[in-house]
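Participant:
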Amino acid sequence: MTLRHALLSSVLLVAACGASAPTGAEAQSPSGMSDEEFDRRLREALMRNPELIIEAIEAYRTQLEEQAATASKESVVELLPNLVSAQSGHAIGASEEDASIIIVEFFDYHCGFCRTAMADVLALVEADPSVRVVFQELPILRDESRDAAAASVAAAKIDPDGYRKMHSALFQSSGVLDETAIERAAKRASLKPRALDKALEDHAEEIEATIDQSIDMARQIGIQGTPYFIVANPESGRFEILEGFRTEQFEAMVESVRGQG
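For the sequence shown, the residue numbers in mature numbering (1 follows the signal peptide of the UniProt record, and there is no 0) are -27 to -1, 1 to 234.
In structure tokens, the structure reads:
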């Protein structure tokens, strides 16, 4: 249904609620009208109740949002096995088999809310050995975001804990993450810049494929911004989604999903 027809139907329906119900030949569904008759009745309804157009648009927007949310959840259900196993992401904390709660985060290194979330996410892993976190690269805010993402993926190739170190160091950086900023972050992460450059060169195709796969999954889910969290309970198979970040919302969601086992 187009916005025009949804709007017309909603307006006429609401307008009809305030008038006496039509009977006999007067009763006619909006879909049975000619365009001219439909438009005439719309104008008449709006002249009597101009606020109806706002109500109709809001109703249609709500409908679209509900449809998008449903589609996103269906895609998450399909992709969740790949996400929790970190096939195109990087996992820290508990193994997939031992995890009681699994958190998947799509993020961008230039995202301020992602930077805020980092401390809470890492603290949760450190406080609870049964928590598994899977980081999914989603470099969408700047061209340099992709270079930063590649640096983190490459860091895992030269140090078992390299990803976590580089991840933290990049989020501790300020400004644009250009080549100089990434090199400084590598040094803060106790990684040798030359070794990182070599890993980026030696594993270039694999690194690019990993990032592309993560971006593709985000598109399938319909993710429009970062951060985007999926908090899953592997025992029950249930999950919840959080778009954006607030500490209290994040903590409440984790506890809610944890209690669904």
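The C-beta atom is built at its ideal place from N, Cα and C for all residues, glycine as well.
Apart from the five residues on each side of it in sequence, which residues of its chain come closer than 7 Å, Cβ to Cβ, to residue 193?
Facilitator: So the qualifying residues of the chain are 48 and 52.
Participant: Quick one: grab the DSSP three-state call for residue 119.
Facilitator: In this structure, residue 119 counts as helix in the three-state DSSP scheme.
Participant: Just mark residue 109 as buried or exposed, buried being the case when its beta carbon has 16 or more other beta carbons within 10 Å.
Facilitator: The residue is buried, with at least 16 neighbouring Cβ atoms inside 10 Å.
Participant: If we call anything under 8 Å between Cβ atoms a contact, is residue 67 one with residue 94?
Facilitator: No, the pair does not count as a contact, with Cβ atoms beyond the cut-off.
Participant: Please return the same chain residues whose Cβ sits closer than 8 Å to the Cβ of residue 144, not counting the five positions on each side in sequence.
Facilitator: Only 82, 87, 88 and 91 meet the Cβ criterion.
Participant: For a test of the three-state rule: what should DSSP assign to residue 201, helix, strand or coil?
Facilitator: It is a strand residue.
Participant: Once DSSP output is grouped into helix, strand and coil, what is the label at residue 191?
Facilitator: Of the three classes helix, strand and coil, the one that applies to residue 191 here is helix, per DSSP.
Participant: Quick one: using the 10 Å Cβ neighbour count with 16 as the cut-off for buried, is residue 20 buried or exposed?
Facilitator: Exposed, because fewer than 16 other Cβ atoms sit within 10 Å of the Cβ of residue 20.
Participant: Look at the Cβ atom of residue 196, then the Cβ atom of residue 119, and state whether they are nearer than 8 Å.
Facilitator: Contact flag unset, no.
Participant: Flag this pair as yes or no: are the beta carbons of residue 182 and residue 130 separated by less than 8 Å?
Facilitator: No, the pair does not count as a contact, with Cβ atoms beyond the cut-off.
Participant: With a 10 Å radius around its C-beta and 16 neighbouring C-beta atoms as the bar for buried, classify residue 207 as buried or exposed.
Facilitator: Buried is the call here.
Participant: Can you tell me whether DSSP reads residue 282 as helix, strand or coil?
Facilitator: Coverage of the chain is limited to positions -27 through 234, which leaves residue 282 absent and any answer about it impossible.
Participant: Taking just the CA atoms, how far does residue 132 sit from residue 159?
Facilitator: Answer to the nearest angstrom: the Cα atoms are 12 Å apart.
Participant: Per DSSP, what kind of secondary structure is residue 162 in: helix, strand or coil?
Facilitator: Coil.
Participant: Return helix, strand or coil for residue 219, following the three-state DSSP convention.
Facilitator: Coil at residue 219, not helix or strand.
Participant: Among 225, 217 and 205, which one has its Cα closest to the Cα of residue 57?
Facilitator: Closest option to residue 57, Cα to Cα, is 205.
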